[in-house]
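The listed protein sequences correspond, in order, to chains A and B. Counting from 1, position 196 in the first sequence corresponds to residue 438 in my numbering; the numbering is continuous, with no gaps. Counting from 1, position 117 in the second sequence corresponds to residue 118 in my numbering; the numbering is continuous, with no gaps. Remarks on the structure that follows.
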Amino acid sequence: MNEPASIVFVVDDDASVRDAVKTLMRSVGLQVQTFGSTREFLEAKRPQAPSCLVLDVRLPGASGLELQRDLAAADIHIPIIFISGHADVPMSVQAMKAGAVEFLTKPFRGQELLDAIQQALANDRLAWHDRAQLAQLRSRYDSLTPREKEVMALVTSGLLNKQIGAELGTSELTVKTHRAKVMQKMGAESVPDLVKMAERLNISPTKSK
Amino acid sequence: MIGMGKVPAIRPPAFALLPYGLAVALVAAALGLTLLLQSVVSVAGYIFFYIAVVASAWFGGRWPGWIAVILSAVAVAYFFIEPARSFVITREAAPIFLEFAITSSVVGWFSSWRKEAESELQRRVDQRTTELREKNEHLLNEMAERKRAEDAYYEAQAELARLTRLSAMGALAASISHEVNQPLAAVVTNADACLMWLSSNPPNLDEARAALESVAREGTRASEVVRRVRAMFANAKPERTTLQMNDLIREVVVLLAALAQRSHVQIETALEPGLPATLGDHVQLQQVLVNLIQNGIEAMRDLSDRPRRLLIRSQTSDSGRILISVRDSGVGIQPKDEKRIFDAFFTTKAQGMGMGLSICNSIIESHGGKLWAAANADHGATFQFTLPAEPAAS
């Protein structure tokens with residue numbers, strides 16, 4: 243898998259803070275994209291890449307904490323670093339409990355923000371690989387024919403070729419052919435390998451007729 | 002018998018017998034006196050017996066009175082009714098005896114009745130006096146209690162005012178620290194970015210210079226915030242200059258054009274040409290307008306069924322003052338909130354601090370004007386303020 247360059251999203255309604263953070267990101271060679279409100283962020287077409295979000299708490303419209311909640315509800319996983327002009331303890335506790343990477347109070351040192359961003363990006367890179375791997379597995383699985391999918395499910399549930407043949411009403415030889423095709427298409431080197439893939443894809447043997 | 006139906010007062014036995022003794026003594030004295038008188042003038046009336054009966058009834062009460070009547074009757078019958086020295090009463094003497102008996106009964110009864118009436122009156126007067134005294138004491142207590150309650154109330158009020166001031170200070174401090182921390186964050190971040198540009202190989206001097214320029218600009222902005230806060234707190238009359246409100250409105254509209262566009266709000270102005278000038282603080286009045294317009298824009302944020310229009314109007318009022326109004330078509334003001342929107346900490350916004358309108362109000366008041374709000378007949382609200390017109394330059 244080729245990993246695209248990481249990108250940092252910044253949401254702050256204060257243009258000067260936004261620009262300052264952008265300058266800082268550029269100075270260390272990070273890609274950055276800035277937004278003035280949570281809505282702008284949600285409506286924008288964001289590149290699919292390992293990323294993290296630098297988010298002001300107090301924003302026009304939906305606040306940063308609301309955005310954090312909405313993203314979680316929409317199953318969008320992106321590490322969040324909060325920055326706040328006046329942080330109170332309950333606010334930061336809430337943010338951290340909801341999974342924020344860091345909660346920085348303005349004014350913060352550039353290095354603090356960069357450290358948090360590096361950590362967040364590293365996390366997301368792992369998650370991104372994971373997601374990319376899963377996406378690849380899924381597309382491979384989607385390339386299987388229906389019969390091959392049946393065979394894969396039965397193989398990974400531990401049946402022998404003979405049993406599968408009986409189950410599907412075909413000869414053992416045919417099963418063997420399908421099985422080889424499945425292993426090849428899925429890029430599996432061994433049956434245990436294929437079982438792991440099935441687990442990740444959440445495949446269970448479907449009852450055939 | 003003539004009943005008088007009063008229960009005699011309860012007294013110790015020795016004292017209870019005293020009135021009867023008195024009755025006996027009085028009748029005996031009357032008998033002695035009458036006998037003495039008879040021996041001198043041969044004929045005597047029963048006047049001493051009457052006096053004895055009246056006195057017994059008066060001082061002794063009802064029953065001693067009757068005892069005196071009976072004893073007198075016996076004495077009279079024995080000593081004075083013919084034949085004397087005998088209890089026999091002849092037919093001729095019977096009327097005289099009867100007359101005595103009846104008269105003494107009547108005066109005895111009358112005397113005791115008067116006495117009881119008088120005692121009753123006295124008792125009532127005493128009772129009433131006691132009641133009055135008790136009531137008086139009660140009233141005095143009540144007054145003292147009320148005084149204490151009033152003192153406690155004023156104390157509580159003072160405490161509340163102090164707490165309100167304190168929390169107002171706290172909220173204000175939070176608001177100010179936020180305002181100051183924004184530019185400071187930009188300063189620090191730009192400075193750090195500048196260091197990065199300088200330490201890269203080769204150093205990127207153009208980027209470093211741009212970052213430093215931002216540092217200078219944001220530092221100035223922070224100091225401007227501080228200056229404004231100080232001006233507001235000093236309650237001084239800061240930098241009063243002759244201003245054209247129309248110019249100020251145009252400036253603010255330009256300042257907020259981006260926000261309006263982002264929020265899909267159309268800002269319209271209806272500015273009266275030749276509006277009189279006013280004397281005021283440019284930054285403060287700008288702050289008021291920005292606040293009112295931002296509020297208006299925010300009030301229309303969730304609007305979908307009608308155009309988002311914000312109308313800013315300037316005119317000369319009937320009384321010759323400058324009248325500025327900001328009218329939106331947003332959610333409007335609940336009647337119950339109309340009185341409270343200018344209170345510190347009153348907010349209907351989830352993120353609001355509730356300080357904006359309160360500060361606007363104090364600014365306009367310090368300019369000798371008035372700020373008020375009203376719900377529109379159709380949609381939204383109109384905020385208006387007046388400012389005194391500067392007398393035309395001579």
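Here a beta-carbon is modelled for each residue, glycine too, at the ideal position from N, C-alpha and C.
Taking B/ALA74 as the centre and dropping the five residues before and after it, the same chain places the C-beta of PHE98, PHE101, ALA102 and SER105 closer than 8 Å to its C-beta, in chain order.
Counting the other Cβ atoms within 10 Å of the Cβ of B/PHE50 gives 16 or more, which makes it buried. Taking a Cβ-Cβ cut-off of 8 Å, B/MET301 has no neighbours in chain A, whose nearest Cβ is about 13 Å from it.
When secondary structure is reduced to three states using DSSP, B/GLY281 falls in the strand class. Taking a cut-off of 8 Å on C-beta distances, the segment 80-87 of chain B does not touch the segment 63-71 of chain B, as fewer than three cross pairs fall below it. If you draw a straight line from the Cα of B/ARG229 to the Cα of A/VAL259, it comes to about 20 Å.
A residue is called buried when at least 16 other Cβ atoms come within 10 angstroms of its Cβ; A/SER269 meets this threshold and is buried. For A/ARG351, the chain B residues whose Cβ falls inside 8 Å of its Cβ are VAL189 and ASP193, in order along the chain. The Cβ atoms of A/PHE283 and A/VAL252 do not sit closer than 7 Å to each other. DSSP lists no bridge partner for A/THR280.
Between B/LEU260 and B/THR317 a beta carbon distance of about 29 Å is seen, past the 8 Å cut, so the two are scored as non-contacting. Within the model, the alpha-carbon separation for B/GLU119 versus B/ARG134 is close to 22 Å. Taking the Cα positions, B/LEU272 is about 55 Å away from A/GLN361. Here the alpha carbons of B/ALA186 and B/ALA192 stand approximately 10 Å from one another.
When secondary structure is reduced to three states using DSSP, A/ILE320 falls in the coil class, being assigned neither helix nor strand.
Per the coordinates, the alpha-carbon of A/VAL417 lies some 12 Å from the alpha-carbon of A/ALA395. Cβ contact annotation for B/SER112 (same chain, cutoff 6 Å, sequence separation greater than five): VAL55, ALA58 and TRP59, in chain order. Annotation: Cβ neighbours of A/SER258 in chain B (cutoff 8 Å, chain order): GLN183, PRO184, ALA187, SER215, ARG218, GLU219 and ARG222. One finds THR265, ARG268 and SER269 in chain A with Cβ atoms closer than 9 Å to the Cβ of B/GLU208, taken in chain order.
Assignment of beta-bridge partners to B/TRP373 by DSSP yields B/GLN385. Comparing C-alpha distances from B/THR242 to each of B/ARG115, B/GLN128, B/ASP303 and B/LEU286 shows the shortest one belongs to B/LEU286. In this structure, the beta-carbon distance from B/GLU208 to B/TRP198 falls below 7 Å.
Within chain A, the residues placing a beta-carbon under 9 Å from that of B/HIS179 are ARG300, SER326, GLY327, HIS328 and LYS348, ordered along the chain.
The beta carbon of A/PHE350 sits closer than 8 Å to those of ILE325, all from its chain and outside the five residues before and after it, given in chain order. Taking CB atoms only, A/ALA315 has no neighbour in chain B less than 7 Å away.
Against chain A, the CB of B/TRP198 has a partner CB under 7 Å away; the residue lies at that interface.
The beta carbons of B/ALA30 and B/LEU72 sit about 11 Å from each other, so the pair does not count as a contact at 8 Å.
For A/GLY303, the residues of chain B that pass the 8 Å Cβ criterion are ARG302, in the order they occur in the chain. In the DSSP assignment, B/GLU269 is bridged to B/LEU312. Taken atom to atom, the span from the alpha-carbon of B/SER326 to that of B/PRO392 is near 22 Å. Where B/ARG241 is concerned, the enclosing beta strand (DSSP E) starts and stops at 241-244. Neighbourhood of B/ALA212 in chain A, by CB distance below 9 Å: ALA262, THR265, LEU266 and SER269, in chain order. Under the three-state reduction of DSSP output, B/VAL327 falls in the strand class. Within the same chain, GLY352 come within 6 Å of A/LEU266 by CB-CB distance, once the 5 residues on both sides are set aside. Taking 7 Å as the CB threshold, B/ALA172 stays off the interface with chain A. In terms of CA proximity to B/THR387, B/LEU280 leads the group B/LYS136, B/ARG115, B/LEU280 and B/MET301.
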